[in-house]
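See structure below.
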Amino acid sequence: MNEMDCFKNFKTQCLFRLDENNRMLQKALDNLDEAAIWKQPNTHLNSIGNLIVHLCGNMTQYGIAALNGLPDLRNRDAEFINSGTLKKSDLLQELFDTVQRVKDTITHLPPEKLSKSYTIQGFQMPGLGAILHVVEHYSYHTGQIAFWVKYLKDMDLGFYDGIDLNAKNN
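Letter by letter, the sequence shown follows residues 1172 to 1341 of our numbering.
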């Protein structure tokens, strides 16, 4: 496999993981009412609503603005103000729209931007690192949200229903 094929495969897998997180978040949040979205467990934990606002800010900063050479307009502190004013459907729409913009960026990103160095949120990294950060950060918070929904509802979310997760590798 040459370097170009490797980049293509990396990008394809990143797009798949972003879609998987969308699927799991939708499935988890289908089980919550509006009030639960903004419930803050304690002063050291964020509500699901704030995590979604935070995900949009992070994805926009790392996966859209930086990689497309756009101004960084993120106000990170504002992402954690528990306003509770946005409806669950509006939060999800904003998140899914942001993910789509990230996916469009990844899809059309030329190879030279994958290795180009960027300063994002004070950190130096190549474009490849920015994409990896977006995917892992989304997965990290998806896991937190899934845990919180399971805790609130005492239920299995069935993310992998119908799949034998005990199957051995070939």
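Beta carbons are placed, not taken as given, at the ideal position from N, Cα and C, and that holds for glycine.
Quantities reported herein were computed from a predicted structural model and do not represent experimental measurements.
Grouping DSSP H, G and I as helix and E and B as strand, with all else coil, what is residue i?
{"i": "THR1214", "result": "coil"}
{"i": "TYR1331", "result": "coil"}
{"i": "GLN1232", "result": "helix"}
{"i": "ILE1291", "result": "strand"}
{"i": "ASP1204", "result": "coil"}
{"i": "LEU1222", "result": "helix"}
Among the options, which residue has its Cα nearest to the Cα of residue i?
{"i": "GLY1228", "options": "GLY1329, TYR1309, ASN1337, LEU1336", "result": "TYR1309"}
{"i": "LEU1238", "options": "ALA1249, GLU1205, ILE1334, GLN1292", "result": "GLN1292"}
{"i": "GLU1205", "options": "HIS1215, GLY1220, THR1214, ASN1213", "result": "GLY1220"}
{"i": "LEU1222", "options": "TYR1289, ALA1338, LEU1263", "result": "LEU1263"}
{"i": "HIS1215", "options": "PRO1297, MET1326, ARG1247, PHE1251", "result": "PHE1251"}
{"i": "ASP1275", "options": "ASN1173, TYR1331, ILE1235", "result": "ILE1235"}
In the DSSP assignment, the alpha helix (DSSP H) including residue i goes from what residue to what residue?
{"i": "GLN1352", "result": "Since the first residue shown for the chain is 1172 and the last is 1341, residue 1352 is missing from the structure and cannot be characterised."}
{"i": "MET1175", "result": "1174 to 1200"}
{"i": "GLN1295", "result": "From DSSP, GLN1295 is part of no alpha helix (DSSP H) but of the beta strand (DSSP E) over 1294 to 1297."}
{"i": "SER1286", "result": "1282 to 1286"}
Taking all protein chains shown into account, do 16 or more other C-beta atoms lie within 10 angstroms of the C-beta of residue i, making it buried, or fewer, making it exposed?
{"i": "SER1288", "result": "exposed"}
Handout entry: Three CB pairs or more closer than 8 Å across the region 1302 to 1319 and the region 1185 to 1198
Key = yes
Practice task
Assess, as a yes-or-no matter, whether the region 1220 to 1239 is touched by the region 1175 to 1184 under the definition of 3 or more beta carbon pairs within less than 8 Å.
Solution key: no
Problem - the region 1255 to 1272 contacting the region 1206 to 1226, beta-carbon criterion three pairs below 8 Å - result: yes
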